[in-house]
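Under the numbering used here, think of the first position of the sequence shown as 1, with each following residue one higher.
Notes follow the structure.
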Amino acid sequence: MIIDGLCASACTIVLGAVPHDRICVTSHANLGFHAAWDFGANGRTITNREATQMLYSMYPSPIRRWIAQRGGLRPQMIFLRGKQLMSMYRPCYLDAQASAPRPSLSRRDRDSRRHELINPAPAVLAREPD
1 MIIDGLCASA
11 CTIVLGAVPH
21 DRICVTSHAN
31 LGFHAAWDFG
41 ANGRTITNRE
51 ATQMLYSMYP
61 SPIRRWIAQR
71 GGLRPQMIFL
81 RGKQLMSMYR
91 PCYLDAQASA
101 PRPSLSRRDR
111 DSRRHELINP
121 APAVLAREPD
């Protein structure tokens, strides 16, 4: 699993769902975390403590430590990127791979080399509570 670009909100669940050794991050990876929330009776967002705790418990321990050092999951988004992220996950050097010339491969060889890439549209994942 390659994480490249913004992976925010629900996208970060992949960290708990995919084995650590199956995830790599590029230099463009940017993980955004926040508390889980629901709509309240007045239509405003309210933190859902139980869902936030469940979400937090799904993350690997290095991610939980990083979140705890920043005050825990809150309504405001916190971002993990750069050297800190690269120290927790294997770098995948997607940029270098994309620019390197490649020999022509048969269709079967190309299909067997396919990677899953997480690079969702920011508008889909970046929604924050009001």
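Glycine residues also receive a C-beta, built at the ideal position from the N, C-alpha and C atoms.
| Check | Outcome |
| --- | --- |
| Reference Lys83, options Gln76, Val25, His34, Gln69, closest by Cα | Val25 |
| Reduced DSSP category for Thr47 - H, G, I as helix; E, B as strand; rest coil | strand |
| Cβ-Cβ distance between Thr80 and Leu6 below 7 Å | For clarity, residue 80 is Leu in the given sequence; the question names Thr instead. Not a contact, by the Cβ cut-off of 7 Å. |
| CB contact flag (Ala29, Ile46, <7 Å) | no |
| Contact check, Arg58 vs Gly16, beta carbons under 7 Å | The amino acid at residue 58 is misidentified as Arg; the sequence shows Met. Contact flag set, yes. |
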